[in-house]
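Enquirer: Below: one structure in structure tokens.
Residue numbers (this note's numbering): 4 to 795.
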């Protein structure tokens, strides 16, 4: 591949992102994608933590929202060299959303001209070249087909691109040559209601790719002017994005203020405008400048409440009603946010759509998947034109939302057992006088309604209430969103997010150890090292947790599951001081709060839940590593065997990669022959503080049925002094036969192939008596893990 566009600054940026993702995976993550037309080409997609774009100074080396890179060889240098393949816009904000998008700041720090482009209501698509003759089409963060998806956003975007090029008599190769020559990314919005409906509708004539930007593939944000973008759209068949050019920020404000009265422009409803300008050096030193150097491209947006926000409210209340009907069987049980019911049109809509759901349920079967949203709205609007609709509207009163953006605050932990949420909550309550209620204190069989009542009651006495519950499901967070703050304004949700952003075995070990350490000091979840019931519960939470989305809460403090109590409390206190405008406590008060949290004993004690002890199926070694990432990096190297790389990618794309990676030590089916080994594993498993072991992932092996990785050099992680004799004894007594068969099965070709074929593959390969086995030695992947049971 040509490296004509290699730039040392761009390469350094990608190296910095790799380093940051290794040090702090909650900040930055990369995902590797094989290019659909050439599996030898791999690109990395970079995704930043959405909440942290607001921070100043920024924790990221770039503010790009959507970034793809690839390695282009090290050119005999020690460090790898990288190229930016596709680049999105820098993250931009709404008016007043951050200090530098206040009108007063925009007037000081931005310069003419101001180009207002229509904010399309679809999903963003990047089109970029990977060579002078080949291009890729991506969504914001992904490329190619997605598992369990009929068509991904990038695939639909690519389909539309082919259609546009055909209409112009152009080819992908020609477009690739142009993009490669200029080192550009074309940025478009995919608007296609037949694929995915959003809030605003698009006619057949307006369906397709709306081109609204062309960015240079560089570290710094550089985007081309509108006249070049429009000419490019005409040449290659894209739909042009409507724009208006103004000279001053006061003209921008006047123009958008006028449109906000109706929420329509040129006779059509719209979400808003993206305003494109650049940063200037102010005449005198000013405070709160934007986080960009003078001369940089700079975007902000102006969004309109009407009718876009009203339409969005209708969509959201419909989803809540459908969810209530699905889980409880009654639409009247749905708790609709009062903030969404201020408009009398919405009050009428709720009554109408309840009736419509009951009379015509088939029309809503795909609503949650974005199908039928627009048809439902248009049917309602048509009904509103009738005499019945007008009479219903006249009978409603519109309520005015107070000017304050929120009423009171609910602090929402998003966690699993053993994260430390209650200890942190106790410290916060002591320091700031927050209300604090625990779900674990509720004795009712159905605890959720009473817990919500307790939070609601505390909000009458406190401005801030901690809803101490794991809140690991979206429905938990939604139920808190609907709570009445007591003063007419919507509640603000401030999340404490313990993201599960590392290998599951690490998360499980940390949380399980904390539960063992606290012993009986919990309402109900206590550590029984014989039944191991608490370990099963932790696994359930890990598997069932639904990741927190930025749209679910108003603000978020990112926690780290590996932090000590002191680190966690300090992190939360800093976040609350910043978010809630509170005075900072001194070190003595902090120390006192941490001491109280450590000494806490629950006032409620429930009987421990007794569950039937399940039969143990096997004892296995759990690797504390992200196998997809660790092995995936090596399968992307140029000299990696194509057959092995293809098998690996197939396991991932078809969702056949193991969900519970482990290396079986001994299986129940091997009894009574290996009874002594079984007993030794059981002893290790039941230790209050079991030892960890270390090992090396040696060779990746595959045939036409199965792919495995061998487990080599099995040892105790530590010394006898630090871990005692049990771990050393276990290692020393492990026979050569058992060591030789140790492996992790990554996946099988299809569901008809049993995973035990992985064991057969390793044993045959060790004997070197079988042809047709693919093999490659992995480079220095050292891992730790513990021996755990796995039950039926």
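By construction, the Cβ of each residue, glycine as well, lies at the ideal position given by its N, Cα and C atoms.
Return the CA-CA distance between residue 48 and residue 596, expressed in angstroms with no decimal places.
Expert: Using only the alpha carbons, I get a separation of about 42 Å.
Enquirer: Between residue 294 and the ligand ADP, is the CB less than 7 Å from at least one heavy atom?
Expert: Inclusion of the ligand ADP in the displayed structure is not the case, the ligand content being empty and no account of it being possible.
Enquirer: When the Cα atoms are used, what is the spatial distance from residue 487 to residue 39?
Expert: So the two alpha carbons sit approximately 50 Å from each other.
Enquirer: Counting only the same chain and skipping the five closest in sequence on each side, list residues whose C-beta sits under 6 Å from that of residue 97.
Expert: 304 and 306
Enquirer: For residue 403 and residue 345, what's the separation of their Cα atoms in angstroms?
Expert: Caution is warranted here: a pLDDT of 48 is assigned to residue 403, below 50, making its placement in the model unreliable, and no coordinate value can be reported.
Enquirer: Counting Cβ pairs, one atom from each stretch, are 3 or more of them under 8 Å apart for the region 56–69 and the region 194–204?
Expert: no
Enquirer: Checking the sheet assignment: what are the DSSP bridge partners for residue 114?
Expert: 281
Enquirer: Taking all protein chains shown into account, do 16 or more other C-beta atoms lie within 10 angstroms of the C-beta of residue 749, making it buried, or fewer, making it exposed?
Expert: buried
Enquirer: Compute the Euclidean distance between the alpha carbons of residue 293 and residue 105, then round it to the nearest angstrom.
Expert: If you draw a straight line from the Cα of residue 293 to the Cα of residue 105, it comes to about 10 Å.
Enquirer: Using beta-carbon positions only, say whether residue 24 and residue 84 come within less than 8 Å of one another.
Expert: no
Enquirer: For the beta strand (DSSP E) containing residue 382, name the first residue and the last one.
Expert: Careful: residue 382 lies outside any beta strand (DSSP E), inside the alpha helix (DSSP H) at 376–387.
Enquirer: Could you name the residues of the same chain whose beta carbon sits closer than 8 Å to that of residue 410, not counting the 5 residues immediately before and after it, in chain order?
Expert: Excluding residues within five positions, the ones whose Cβ falls inside 8 Å are 488, 489, 490, 491, 492, 493, 494 and 495.
Enquirer: In whole angstroms, what is the alpha-carbon distance linking residue 579 and residue 140?
Expert: 41 Å
Enquirer: With contact counted as at least three CB pairs below 8 Å, one residue from each stretch, are the region 166–184 and the region 236–249 in contact?
Expert: Touching, per the Cβ criterion.
Enquirer: Taking the alpha carbon of residue 259 as the reference point, which residue from 59, 236, 467 and 278 has its own alpha carbon closest?
Expert: 278
Enquirer: Rank 52, 21 and 790 by C-alpha distance to the C-alpha of residue 29 and give the top, closest one.
Expert: Closest option to residue 29, Cα to Cα, is 52.
Enquirer: Ignoring anything shorter than 4 residues, give me the alpha helix (DSSP H) runs that lie fully in the region 695–777, in order along the chain.
Expert: 723–726, 728–735, 739–744 and 760–770
Enquirer: Leaving out five residues before and five after residue 155 in sequence, what residues of the same chain have Cβ atoms less than 8 Å from its Cβ?
Expert: In the same chain as residue 155, and ignoring 5 residues on each side of it, the C-beta atoms closer than 8 Å to its own belong to 142, 145, 147, 148 and 149, in chain order.
Enquirer: Rounded to the nearest angstrom, how far is the Cβ of residue 674 from that of residue 575, given a contact under 8 Å?
Expert: Not a contact, Cβ separation roughly 49 Å.
Enquirer: Measure the CB-CB distance between residue 191 and residue 214 and report whether it falls below 8 Å.
Expert: yes
Enquirer: Nearest-angstrom Cα distance between residue 439 and residue 422?
Expert: 17 Å
Enquirer: Kindly indicate which three-state DSSP category residue 2 falls into: helix, strand or coil?
Expert: The question about residue 2 has no answer, for the chain in this structure spans 4 to 795.
Enquirer: Which residues in the same chain have their Cβ closer than 6 Å to the Cβ of residue 262, if we skip the five residues on either side of it in sequence?
Expert: Beyond the five residues adjoining it in sequence on each side, residue 262 comes within less than 6 Å, by CB distance, of 268 in the same chain, given in chain order.
Enquirer: Within 10 Å of its beta-carbon, does residue 428 have 16 or more other beta-carbons around it, so buried, or fewer, so exposed?
Expert: buried
Enquirer: With a Cβ-Cβ cutoff of 8 Å, do residue 349 and residue 357 count as a contact?
Expert: Not in contact: residue 349 and residue 357 (Cβ atoms no closer than 8 Å).
Enquirer: Considering only their Cβ atoms, is the gap separating residue 90 from residue 220 smaller than 8 Å?
Expert: yes
Enquirer: Quick check: the Cα distance between residue 472 and residue 247, rounded to an integer number of angstroms?
Expert: 49 Å
Enquirer: Expressed to the nearest angstrom, what Euclidean distance is found between the alpha-carbon atoms of residue 603 and residue 424?
Expert: Residue 603 and residue 424: Cα-Cα distance of roughly 13 Å.
Enquirer: Hey, quick one: how far does the alpha helix (DSSP H) through residue 594 stretch, first residue to last?
Expert: 590–602
Enquirer: For the region 674–686 against the region 759–776, do three or more pairs of beta-carbon atoms, one drawn from each stretch, fall closer than 8 Å, so that the two count as touching?
Expert: no
Enquirer: Would the beta-carbon of residue 474 fall within 8 Å of that of residue 519?
Expert: no
Enquirer: So, helix, strand or coil for residue 502, using DSSP?
Expert: coil
Enquirer: One question on the structure: do residue 193 and residue 160 come within less than 8 Å of each other, judged by their Cβ atoms?
Expert: yes
Enquirer: Roughly how many angstroms lie between the CA atoms of residue 121 and residue 232, to the nearest whole one?
Expert: 14 Å
Enquirer: Looking at the structure shown, is residue 185 part of a helix, part of a strand, or coil, going by DSSP?
Expert: helix
Enquirer: Does the count of Cβ pairs from the region 767–787 and the region 701–720 closer than 8 Å reach three?
Expert: yes
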